[in-house]
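Accompanying notes for the structure given below.
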Amino acid sequence: MIHLYKFKDLNILLDVNSGAVHIVSDLVRDILSFFDDKDPCACKAADWHAEKAKICAALAQKYPDKALEDAMDDVETLISEGSLFTEDTPEASVSPESRGAVIKAMCLHAAHDCNMRCAYCFAGTGDYAGKRALLSLETGKKAIDFLIRQSGNRKNLEIDFFGGEPLMNFEVVKELVRYGRTREQLSDKHIRFTLTTNGLLLDADKEHFINAHMDNVILSIDGRPEVNDRMRKTPSCSGTEEHIIGKLTHITENRDGLY
Ligand code: SF4
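Reminder that position 135 of the sequence shown reads as 285 in my numbering, one-by-one numbering, no gaps.
Following this line, the structure appears as structure tokens:
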């Protein structure tokens, strides 16, 4: 499977199963667009030559023959080197260990949702252009098991509760911290927990838990009140500064040497 996308002037090609990233020319991008629903590895040799001829004919008006021929050769080389259209086996797609990689840190999306609507939001106001949803406890536990299983000899691991806004799913966050603590004892690992929050839902109980269990807490605010309120609004479009400043100050003052 491949993902092909544009960033500024660059055509970026990700081969999902191998993890290889290529910067490709417009010509190679046009060639690969013919394979949207067809993997060239699945073509038998004769089919592949027929496929090549078809693509070259389709692009003949746009590019010189020699350039087309060279670009097709480049595509074939990448395929034969195993960095394009790599075979989609379960091991290749989900197991970093099978590629000799070790995982030491995990960003857990506790909430695919947010209670703010920031003007510049990188996450589509929390839902990442998908369905608004919360992480289930069951999936979170499986993720922690996966991290520990794939961490090799590394003793120190990191989990960042992220979103959207993770405090929208705080009961699950708390349970996952407890679960992580039991799992680290059994596996001789140490997990550092971090929580990233916009602060709107902070209250005394949450602050107490966070300051007791999170090694790091990351708080978001945009400086001066007028700047924050222009950029960071609630879903009903009101500013957020007056709702968060006291809470952020309070949790920071009570970190007791933590950050
Ligand atoms: S708080 Fe974060 S996730 Fe929520 S809207 Fe703002 S930038 Fe996006």
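Every residue, glycine too, gets a C-beta built ideally from N, C-alpha and C.
Keep in mind the model is a prediction, meaning the values are calculated, not measured.
One or two residues paired with residue i in a DSSP bridge
i	result
Glu392	BP columns for Glu392 are empty, so no partner.
Ile162	Tyr155, Ile173
Thr347	Leu369
Lys383	Gly389
Phe312	His259
Leu284	Ala261
His199	Answer is none; His199 lacks a bridge partner.
Leu307	Ile341
Where residue i falls, given that 16 or more other Cβ within 10 Å makes a residue buried
i	result
Ile401	buried
Asn404	exposed
Phe272	exposed
Ser301	buried
Arg382	buried
His340	exposed
Leu160	exposed
Cys387	exposed
Asn303	exposed
Lys305	exposed
Pro316	buried
Whole-Å CB distance - residue i paired with residue j, under 8 angstroms assumed
i	j	result
Ala260	Leu285	5 angstroms
Leu345	Gly290	The pair is not a contact, with the Cβ atoms about 13 angstroms apart (cut-off 8 angstroms).
Leu369	Gly349	6 angstroms
Checklist entry - Mind pulling the beta strand (DSSP E) runs of 3 or more residues that sit fully within the segment 319-343? => result For secondary structure counted as the beta strand (DSSP E) over 3 or more consecutive residues, the segment 319-343 holds no complete run.
Checklist entry - Touching or not, the segment 370-378 and the segment 330-343, by the rule of three or more beta carbon pairs under 8 angstroms? => result Judged by Cβ distances under 8 angstroms, the segment 370-378 makes no contact with the segment 330-343, as fewer than three pairs qualify.
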